[in-house]
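Protein chains: 2
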Amino acid sequence: MGIEHKTRTQLVAEAIREKILSGEIKAGEPLRQAALAEELNVSRIPVREALLQLEAEGLVNFEAHKGATATMLSADQIDEIFDLRALLEAELLRHSIVNLTPRDLLEAEAILYDLEEATAAGDTQLATGKLNAEFHVKLYSKANRPQTAELVAMYGKNSERYVRMHILLAGGIKTAPEEHRTLLEFCKAKDVNAACDFLKKHITGAKDDIKNLLVKMEQNQ
Amino acid sequence: MGIEHKTRTQLVAEAIREKILSGEIKAGEPLRQAALAEELNVSRIPVREALLQLEAEGLVNFEAHKGATATMLSADQIDEIFDLRALLEAELLRHSIVNLTPRDLLEAEAILYDLEEATAAGDTQLATGKLNAEFHVKLYSKANRPQTAELVAMYGKNSERYVRMHILLAGGIKTAPEEHRTLLEFCKAKDVNAACDFLKKHITGAKDDIKNLLVKMEQNQ
DNA sequence: ATATTTAATATTGTATACAATTAAATATTG
DNA sequence: CAATATTTAATTGTATACAATATTAAATAT
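Structure representation (structure tokens):
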């Protein structure tokens with residue numbers, strides 16, 4: 001049970017990732033190695049390695065000799081990412097549902113309870129962010145599809161900043177709380193097809209909401 | 001039209017990638033930075049960066065302080081990867097079919113012709129490798145889904161060594177050539193659902209073939 | 001002899017220094 | 001003045017050197 005010995009590269013990656021997701025570093029903005037290195041009190045080597053990792057996560061574009069920039073997703077790319085999420089998350093759910101125990105379903109319901117309470121309290125940040133993710137992860141938890149789950153996590157992270165932005169600009173996503181409850185009921189009933197179809201629509205709905213905003217922003221520039 | 005100035009990191013990545021795909025570096029084998037650096041006449045820095053890239057491609061596992069190893073895919077992981085490919089490639093085809101021009105279909109048929117000739121000549125390496133990939137790529141070429149295509153390319157690369165190995169050990173994949181022709185006919189007829197369903201079965205069939213071999217190999221160890 | 005420390009070695013992680021490339025600024029020419 | 005060279009500065013890419021960690025070998029204790 002040793003102390004976790006995080007490498008500098010990992011710490012730097014976390015720092016830059018958060019800067020991008022929080023919007024402190026805006027999409028398209030160049031990421032200067034020297035500046036980041038100085039700010040984080042490390043040499044450029046771990047910064048470079050962190051940037052490479054973040055490129056693999058889709059948060060950064062790294063072009064040889066030209067440097068790294070935070071990725072700027074066009075409306076089309078957002079569109080595609082959310083389609084991918086719908087496809088992959090439905091696949092996870094399909095494999096998970098049959099293995100979900102009554103215990104799992106109760107835990108999901110407990111999260112849903114918190115989520116509804118947060119929504120009622122007006123905490124859209126918490127509701128659409130952490131709790132929403134927890135609920136979904138719980139439903140997928142018995143899929144036994146680690147690589148698919150990793151992909152889903154990656155795309156989730158990549159969408160996160162746009163969701164956050166959307167919350168800020170549009171005052172939260174209109175995802176009706178009942179949608180989550182409907183999804184849970186389908187899972188309880190072990191109605192695989194209904195649950196997966198509904199999940200796809202659920203994700204696609206969020207997409208349309210965000211995409212509209214993105215299109216407007218692109219026009220304004 | 002400048003001379004392509006490939007960075008050392010890119011060259012090293014290509015070299016190591018080929019070593020892994022060709023089987024020169026076996027799955028599970030450790031990749032010593034110093035040894036690779038000396039062999040390729042570079043310092044350890046580009047080697048490290050190349051290893052990070054290859055990790056993103058799924059060809060390498062990189063653990064802090066312990067070093068990198070060529071990924072060893074279990075039968076379960078192969079299973080999941082091929083399921084993912086079936087899902088994603090069907091998605092690409094679904095979006096591409098409607099945009100495929102008669103010209104595209106003729107080009108696909110030309111590749112298929114070469115493929116059948118190679119098969120007849122007994123060149124399973126060429127037929128199941130390059131030409132097979134070309135045929136599929138042609139069918140997906142009008143999908144307009146760059147990120148999905150990138151994923152498919154990645155998983156394709158990751159499966160490649162197992163396909164190669166299978167060809168060596170089992171004398172080629174039994175994928176009936178008629179399967180490709182059937183798929184092409186569905187595309188010509190613009191029968192989206194039939195084509196996608198058939199494609200999924202086509203990929204899943206290849207999976208079962210390879211998986212059987214993998215299971216045997218795991219038992220032998 | 002086996003288990004547990006301690007020392008030695010090998011290997012990875014990171015800072016510094018320098019080389020290569022690109023972008024910006026200045027000079028040059030039609 | 002516009003367009004093109006030429007120089008300068010900024011930035012990235014990579015080698016070398018050293019620090020931190022993990023692995024192996026030796027030493028000690030049980």
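Going line by line, the protein sequences match chains A and B.
Quick note on numbering: UniProt numbering labels position 7 of the first sequence as 7, and the sequence is numbered without any gaps.
Quick note on numbering: UniProt numbering labels position 129 of the second sequence as 129, and the sequence is numbered without any gaps.
Cβ coordinates follow ideal geometry from the N, Cα and C atoms, glycine included.
{"Query": "Taking just the CA atoms, how far does T69(A) sit from E150(B)?", "Result": "20 Å"}
{"Query": "Just to confirm the assignment: which complete alpha helix (DSSP H) runs, minimum length 4, are found wholly within the UniProt domain \"HTH gntR-type\" (6-73) of chain B?", "Result": "8-22, 33-39, 44-56"}
{"Query": "Pick helix, strand or coil for D123(A), following the three-state DSSP scheme.", "Result": "coil"}
{"Query": "Taking buried to mean at least 16 other C-beta atoms within 10 Å of its own C-beta, is Q53(A) buried or exposed?", "Result": "buried"}
{"Query": "Using a C-beta cutoff of 7 Å, does Q147(B) count as contacting chain A?", "Result": "yes"}
{"Query": "Can you list, in chain order, the residues of the UniProt domain \"HTH gntR-type\" (6-73) of chain A whose Cβ is nearer than 9 Å to any Cβ on chain B?", "Result": "K6, T7, T9, Q10, I45, R48, E49, L52, Q53, E55, A56, E57, G58, A64, H65"}
{"Query": "To be precise: take each residue of the stretch 100-115 of chain A, compare its Cβ to all Cβ atoms of chain B, and keep it if any distance is under 9 Å. Which residues remain?", "Result": "none"}
{"Query": "Determine, for L214(B), whether the minimum Cβ-Cβ distance to residues of chain A falls below 7 Å.", "Result": "no"}
{"Query": "Quick one: what does DSSP say K190(A) is sitting in, helix, strand or coil?", "Result": "coil"}
{"Query": "Anything in chain B within Cβ reach of L84(A), meaning under 9 Å, just list it in chain order.", "Result": "L88, E91, R145, Q147, T148, L151"}
{"Query": "Does D208(B) pass the burial test, meaning 16 or more other C-beta atoms within 10 Å, or should it be called exposed?", "Result": "exposed"}
{"Query": "On a CA-only basis, which of A56(A), S141(A), A15(A) is nearest H95(A)? Give me that one, please.", "Result": "S141(A)"}
{"Query": "Near Y162(A), what residues of its chain come up, given a Cβ to Cβ distance below 8 Å and the 5 sequence neighbours on each side ignored?", "Result": "L73, I78, I210, L214"}
{"Query": "Is the beta carbon of A118(B) closer than 7 Å to that of K138(B)?", "Result": "no"}
{"Query": "Buried or exposed: Y155(A), going by 16 or more other Cβ atoms within 10 Å of its Cβ?", "Result": "buried"}
{"Query": "For F186(B), which residues from the same chain have a beta carbon less than 8 Å from its beta carbon, with the 5 sequence-adjacent residues on both sides left out?", "Result": "A194, A195, F198"}
{"Query": "Would you kindly work out how many angstroms separate the C-alpha atoms of T9(B) and E91(A), rounded to a whole number?", "Result": "36 Å"}
{"Query": "Any beta carbon from chain A within less than 7 Å of E160(B)'s own beta carbon?", "Result": "no"}
{"Query": "For A206(A), which of G122(A), I81(A), K19(A) has the nearest alpha-carbon?", "Result": "I81(A)"}
{"Query": "Could you spell out the range, first to last residue, of the alpha helix (DSSP H) harbouring G129(B)?", "Result": "Counting along the chain, G129(B) falls outside any alpha helix (DSSP H), and DSSP gives it neither H nor E."}
{"Query": "Is it right to say A121(A) is buried, meaning 16 or more other beta carbons lie within 10 angstroms of its own, or is it exposed?", "Result": "exposed"}
{"Query": "Determine the direct distance from the alpha carbon of F62(B) to that of residue 229(A), and round the result to whole angstroms.", "Result": "Residue 229(A) falls outside the range modelled here, since chain A spans only 1 to 221, and no answer is possible."}
{"Query": "In chain B, which residues lie less than 9 Å from Q125(A) when you measure between Cβ atoms?", "Result": "Per Cβ cutoff of 9 Å: no residues; Q125(A) is ~27 Å from chain B at best."}
{"Query": "Where K200(A) and R85(B) are concerned, what is the direct C-alpha to C-alpha distance, given to the nearest angstrom?", "Result": "19 Å"}
{"Query": "So what's S141(A) in DSSP terms, helix, strand or just coil?", "Result": "coil"}
{"Query": "For T101(A), name the three-state secondary structure that DSSP assigns.", "Result": "coil"}
{"Query": "Would you report the Cα separation of N144(A) and V152(A), rounded to the nearest angstrom?", "Result": "13 Å"}
{"Query": "Quick one: is E218(A) near chain B, going by C-beta distance under 7 Å?", "Result": "no"}
{"Query": "Mind listing the chain B neighbours of E80(A)? Cutoff is C-beta to C-beta under 7 Å, in chain order.", "Result": "R145, Q147, T148"}
{"Query": "Taking only the alpha-carbon atoms, compute the straight-line gap between L106(A) and L51(B) and give it to the nearest angstrom.", "Result": "43 Å"}
{"Query": "With 16 other CB atoms within 10 Å as the buried threshold, where does L168(B) fall?", "Result": "exposed"}
{"Query": "Quick check: what's the CA-CA separation for T7(A) versus R48(A)?", "Result": "13 Å"}
{"Query": "Taking just the CA atoms, how far does D104(A) sit from A13(B)?", "Result": "43 Å"}
{"Query": "Which word fits M217(B), buried or exposed, when buried means at least 16 other C-beta atoms lie within 10 angstroms of its C-beta?", "Result": "exposed"}
{"Query": "Expressed to the nearest angstrom, what Euclidean distance is found between the alpha-carbon atoms of L40(B) and R164(B)?", "Result": "25 Å"}
{"Query": "Look at the alpha carbon of H202(A) and the alpha carbon of L88(A), and state the distance between them as a whole number of angstroms.", "Result": "13 Å"}
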